[in-house]
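When we follow the working numbering, the leftmost residue of the sequence shown carries the number 308, and every step to the right adds one. Cβ atoms here follow ideal geometry from the backbone N, Cα and C, with glycine treated the same way. In what follows, a structure is listed as structure tokens, so that the remarks can point back to it.
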Amino acid sequence: CEVDASGNAVGEIGAADAGQTVVLLGHIDTVYGDIPVRVERGPDGPVLFGRGSVDAKGPLATFAVAAARVGSEWAHRNDTRLVVVGAVEEEAATSKGARFIRDRFDGNQEPVPDFCVIGEPSGATRITLFYMGRLLLELQAEQPMMHSAGPNPGVATNAVDLWNMIVGYADLFNCDRSRMFDQLRPSLRELRTWTDEAMRDLVWTKIGIRLPLDFDADAFLGEIWDWARERVQENAPRPEPPFTRDTDASPQELHFGDEELRLKFCFHGYEPAWRSGRNSPLVRGFLAAIREQTSERPRFVSKSGTSDMNVVGPAWQCPIVAYGPGDSSLDHTPNEHLNLDEYWQAVLVLESALKRLG
């Protein structure tokens, strides 16, 4: 086991030059919040409370224990390399750890994985195949300080009008789309105003947008560009779209205007939606393992959030699923807890699924 250059915890079994590589990509970071760690007796068995018990140290522990149970002897005998990763910064838009692993297994430094399992809670009997994409947009607008009773609109109007434009864009996009996972879903994250020492009024807002599979980020950027040009009465040509050129979540900035009105946009956290196929040895292995280890019928899950599947899926193009114990509705909540019987059930399912890849 080692800590790599990005801070990931990485453990391996099997030969480095094995015929197939399986990456179990979990994450070790959690969102903010201190939940006293304790085990309580619940109606369905012992329950572990604590920040990260569900999202996603429970799934990461499942990976580590299942890989240990599979064992080095099995890995060498079946010409398989198992790589378990506890990635950093999954809960941040940077996804630093997953990007490092993605670039490490790029087909040049090391072989592209044959299979990948993302460590996220879905329940011991469910397999996640789809995550929506994400785009974060920030606007800062500034103009000379003015009295609120004056004839010109206040600086906050720029943020409100941008939000209304994006909502209208989403409404048109979503026409005749009844499924949530097919829709463009904007959310207003933050908005604040202030006046600086140079006597300029400023507004800053942050908007998050959940993206379906067929979302065209370049076309959307063009709409933002046209809105901003009209706002400041500029005729500059559209720039080259940044999203298809760089999906590493690095910020892309656009600037408009002059002393009378300045607009600065920052686009970041862009991840395309990703859907994995159902007909792969990995999925079939999980389905058989769930039937073998539980009394429940396995189910497929789609999620409206994002995960490291969005980071590595487009690059690796290999069979990929997300799996792990826990109720994802408890993610990030003050009541986060994990049923330990379900955790152990997930360990046995994953062990069985991995052995079916041999």
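Around the Cβ of threonine 369, a 10 Å sphere holds 16 or more other Cβ atoms; the residue is buried. DSSP places serine 429 outside any beta strand (DSSP E), giving it a letter other than H or E.
Partner residues in the beta bridge of valine 330, as assigned by DSSP, are Val390, Cys423. In the displayed model, valine 628 falls within a strand according to three-state DSSP. The DSSP assignment places complete alpha helix (DSSP H) segments of no fewer than 4 residues inside the stretch 329–389 at 364–384, in order along the chain.
In the three-state reduction of the DSSP assignment, glutamate 504 falls in the coil class, being assigned neither a helical nor a strand state. Sixteen is the threshold: since fewer than 16 other Cβ atoms of the shown chains lie within 10 Å of the Cβ of serine 611, the residue is exposed. Around the beta carbon of serine 602, fewer than 16 other beta carbons lie within 10 angstroms, which makes this residue exposed.
Its chain contains Ile320 as the residues whose beta carbon lies nearer than 6 Å to that of serine 379, once the 5 sequence neighbours on both sides are disregarded; these appear in chain order. Taking each of Ala394, Ala325, Ser659, Val344 in turn and checking the Cα distance to glycine 333, the smallest one comes out for Ala394. In this chain, the alpha helix (DSSP H) harbouring phenylalanine 407 covers 403–411.
Contact annotation, valine 424 with tyrosine 630: C-beta distance approximately 6 Å; criterion of less than 8 Å satisfied. Here alanine 323 is exposed. Its C-beta has fewer than 16 other C-beta atoms within 10 Å. For glutamate 398, no alpha helix (DSSP H) encloses it, and the DSSP letter there is neither H nor E. DSSP places threonine 601 in the coil class of the three-state scheme, outside both helix and strand. The continuous stretches of alpha helix (DSSP H) do not include alanine 323, and DSSP gives it neither H nor E. Its chain contains Phe407 as the residues whose beta carbon lies nearer than 8 Å to that of alanine 312, once the 5 sequence neighbours on both sides are disregarded; these appear in chain order.
Ranking Gln450, Val654, Asn385 by CA distance to the CA of aspartate 565 puts Gln450 first.
Residue pairing by DSSP puts tryptophan 581 in a beta bridge opposite Tyr438. Counting along the chain, phenylalanine 527 sits inside no beta strand (DSSP E); it lies in the alpha helix (DSSP H) bounded by residues 524–539. When DSSP assignments are scanned along the stretch 447–475, no uninterrupted stretch of alpha helix (DSSP H) that is 4 or more residues long falls wholly within it. Closest in alpha carbon position to glutamate 309, among Val390, Gly529, Phe356, Pro350, is Val390. When only Cα atoms are considered, aspartate 468 and proline 460 end up about 11 Å apart.
With fewer than 16 other beta carbons inside 10 angstroms of its own, proline 353 counts as exposed. With a beta-carbon spacing of about 5 Å, alanine 622 and arginine 409 fall inside the 8 Å limit used to define contacts.
CA-CA distance, histidine 575 to leucine 444, rounds to 7 Å. Between glutamate 658 and the set Lys403, Ile597, Ala363, the nearest pair of CA atoms involves Ile597. Taking a C-beta distance under 9 Å as the contact criterion, glycine 426 and proline 366 qualify as a contact pair.
Taking the Cα positions, leucine 645 is about 13 Å away from proline 350.
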